[in-house]
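Take a look at the structure set out below.
Numbering (my numbering), first residue to last: 167 to 497.
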């Protein structure tokens, strides 16, 4: 083996093999506390306290005593219903048709099985905010400005949970120093690699091999067996941890910027922060999609995430146009 080949092999073996457990605590008879659920809970709790702070400082249009009820309804109607219906309409039906839903209508509401679309969540939140604004006779875009300040934190927590779950992984990056080998991406490997991994598990970890024949996933086998983890380190292909890229770009970075703008420009017209958030989210999501394993179906030259992000940018332009026309308005 040449020096270059030896170095490549060493890097491949040393790459981190994803072995994080999505379950924090198996409470009782299949009732489990998961990182994904905790991420949502943490996002809403942090959002509540931050929005209360902004309200006390007269930097948000909803009074502090009403924020708890608003967050609860926003979570249920806007985020969960919007996010789930967005996944069903934008991803599930285009890829699998109506057949699975016709056979199992309750699959639409089984959020715990996976499947939430951020673009659907944005739409659900926007519609709920519009309803709330009209009912309480306050500015819709003023409500939206506050939501857009805290929303990036929810996106960040969600992407971290995606990484822990080993889902929405990135594209192949064999030589990336921080590349991650996801057992969940096993079916994306070549036939030869899949056969080699299975054969070596049968030889080196026969008890685990028997459990896999009975339905155990490779990701669970990695957590249970150091030998299986070593086999995956030797043969699986490293990928971009694109969930963490998204968590930083669409989460931490956007939150810091939105918070700065709100505090730095307290008298900015309603809709300005909304517009900047929507445009930057759309642009950043489009960029990061280049590192994320694309969905099986595309819309022209775009991944679905990129295509739907175009509408986010257009919505952002509309919000900024509205803010400019009402720039004498004091928040």
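C-beta atoms are modelled at their ideal positions from N, C-alpha and C, and glycine is treated no differently.
In this text the structure is predicted, and so the values were computed from the model without any measurement.
In the structure shown, residue 274 falls within a helical segment according to DSSP collapsed to helix, strand and coil. With respect to residue 395, residue 185 sits close: the two C-beta atoms are nearer than 9 angstroms.
With the rule of 3 Cβ pairs closer than 8 angstroms, the region 284 to 303 does not count as touching the region 392 to 407.
For residue 360, the enclosing alpha helix (DSSP H) stretches over residues 357 to 370. According to DSSP, residue pairing for residue 465 in a beta bridge involves 468.
Looking from the CA of residue 256, the closest CA among 465, 491, 484, 480 belongs to 465. With respect to the C-alpha of residue 308, the residue from 225, 378, 356, 368 having the closest C-alpha is 225. If you ignore the 5 residues before and after residue 239, its C-beta comes within less than 8 angstroms of the C-beta of 294, 298, all in its own chain and listed in chain order. For residue 340, the closest alpha carbon among the candidates 402, 363, 451 is that of 402.
Residue 363 is not a Cβ neighbour of residue 354, given a cutoff of 9 angstroms.
Of all alpha-carbon atoms in 416, 305, 303, the one lying nearest the alpha-carbon of residue 326 is that of 416.
Per DSSP, residue 200 is one residue of the beta strand (DSSP E) stretching across 197 to 200.
Residue 287 is classed as buried because its beta carbon has at least 16 other beta carbons within 10 Å across all chains shown. By the C-beta criterion, the region 254 to 272 is judged not to be in contact with the region 186 to 196, since fewer than 3 inter-stretch pairs fall below 8 angstroms. Relative to the Cα of residue 430, the nearest Cα in the group 223, 182, 232 belongs to 223.
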